[in-house]
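**Student:** Before we start, here is the structure in question, set down as structure tokens.
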Amino acid sequence: MKIKAIMVFFFTTTTPFRIALGIGLSNVYKDNSLTALIVVGLLNVCSAGLLNYMALVDLLAADFMGPKLQGNIRLQIWAYLAVLLGGSGMSVMAIWVW
Numbered sequence: 020m021k022i023k024a025i026m027v028f029f030f031t032t033t034t035p036f037r038i039a040l041g042i043g044l045s046n047v048y049k050d051n052s053l054t055a056l057i058v059v060g061l062l063n064v065c066s067a068g069l070l071n072y073m074a075l076v077d078l079l080a081a082d083f084m085g086p087k088l089q090g091n092i093r094l095q096i097w098a099y100l101a102v103l104l105g106g107s108g109m110s111v112m113a114i115w116v117w
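Add 19 to the 1-based position in the sequence shown for this note's numbering, that's all there is to it.
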């Protein structure tokens with residue numbers, strides 16, 4: 020209970036500061052500046068890395084280590100092929116969009 024109260028306190032005290040910071044930076048922010056492009060690129064990389072980690076480690080690991088999949092080799096092969104096909108499809112879409 021104490022940790023929840025501390026988290027609520029920091030959220031409520033830092034949120035107005037972050038809003039004010041965003042409003043202040045919006046006046047000097049230039050979309051096409053080198054610094055802005057680097058910062059946006061780094062933030063996108065961090066977000067993509069976190070999403071990959073969540074998908075592969077937290078979500079897929081539970082499914083792949085479950086008794087249903089561990090007991091059936093044919094189902095394992097289909098599951099691995101589906102993951103590879105999905106990852107390949109997302110890579111092709113990323114190249115196509117970029």
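Glycine included, every Cβ here is placed at the ideal spot set by N, Cα and C.
Everything numeric in this text was worked out from a predicted model, so none of it was measured.
1. Measure the alpha-carbon distance for Lys23 versus Ile92 and round it to whole angstroms.
2. Once you ignore the five residues that flank Val47 on each side, which residues in its own chain have a CB closer than 7 Å to its CB?
3. What do you reckon, are the CB atoms on Leu94 and Leu88 nearer than 7 Å?
4. At what residue ranges does the segment 31-106 contain a whole run of the beta strand (DSSP E), taking only runs of 3 or more?
5. Please state whether DSSP places Met26 in a helix, a strand or coil.
6. How many Å lie between Met84 and Pro35 at the Cα?
7. Using only alpha-carbon positions, find the residue among Val111, Gly106, Val27 that is nearest to Ala74.
**Tutor:** Well, looking at it:
1. Within the sequence shown, residue 23 is the residue found at index 4, counting from 1. Within the sequence shown, residue 92 is the residue found at index 73, counting from 1. Rounded to whole angstroms, Lys23 to Ile92 spans 45 Å at the Cα level.
2. Within the sequence shown, numbered from 1, the residue matching residue 47 stands at position 28. Result list for Val47: empty, nothing under 7 Å.
3. Position 75 of the sequence shown, counting from 1, holds the residue named residue 94. Position 69 of the sequence shown, counting from 1, holds the residue named residue 88. At the C-beta level, Leu94 and Leu88 come within 7 Å of one another.
4. As far as the segment 31-106 is concerned, it has no whole beta strand (DSSP E) run of at least 3 residues.
5. Along the sequence shown, one-based indexing puts residue 26 at 7. It is helical.
6. As a first step, residue 84 must be located in the sequence shown, where it is residue number 65. As a first step, residue 35 must be located in the sequence shown, where it is residue number 16. Each residue's Cα considered, the two are about 44 Å apart.
7. By one-based count along the sequence shown, residue 74 stands at place 55. Taking only the C-alpha atoms, the option nearest Ala74 is Gly106.
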